[in-house]
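Read through the structure below, which is laid out as structure tokens, and then see the notes.
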Amino acid sequence: MMMNSQRGSLHFYLLAISLALVFFALGVWEVFIEAEGGNWLTQLILPVLLIVVLAVLHSQAKRDRIKRDKEEDS
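Just so we're on the same page, the working numbering is the position in the sequence shown counted from 1, plus 145.
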């Protein structure tokens with residue numbers, strides 16, 4: 146049985162991956178299907194940046210939670 150924090154972590158990563166896939170699909174659609182020109186590099190890198198930002202925020206929250214738990218134990 147997963148603990149609540151692990152389940153929340155799993156949901157967080159699934160949400161991040163889902164959002165990244167949606168942005169990637171939109172970027173691919175814009176670049177290769179509609180072919181309107183535009184800045185394709187920005188559109189295709191957006192999902193990667195989204196995942197990096199969400200991972201950094203999540204790791205910071207995890208560090209804060211661990212620090213808070215250690216302070217509560219002592």
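Backbone N, C-alpha and C fix where the C-beta goes; we use that ideal spot for every residue, glycine too.
As the structure is a computational prediction, the values presented were derived from the model and not from experiment.
Residue i - DSSP class collapsed to helix/strand/coil
| i | result |
| --- | --- |
| S219 | coil |
| Y158 | helix |
| A200 | helix |
Proximity below 7 Å, CB of residue i to CB of residue j
| i | j | result |
| --- | --- | --- |
| L199 | A161 | yes |
| H203 | F169 | no |
| L195 | A165 | yes |
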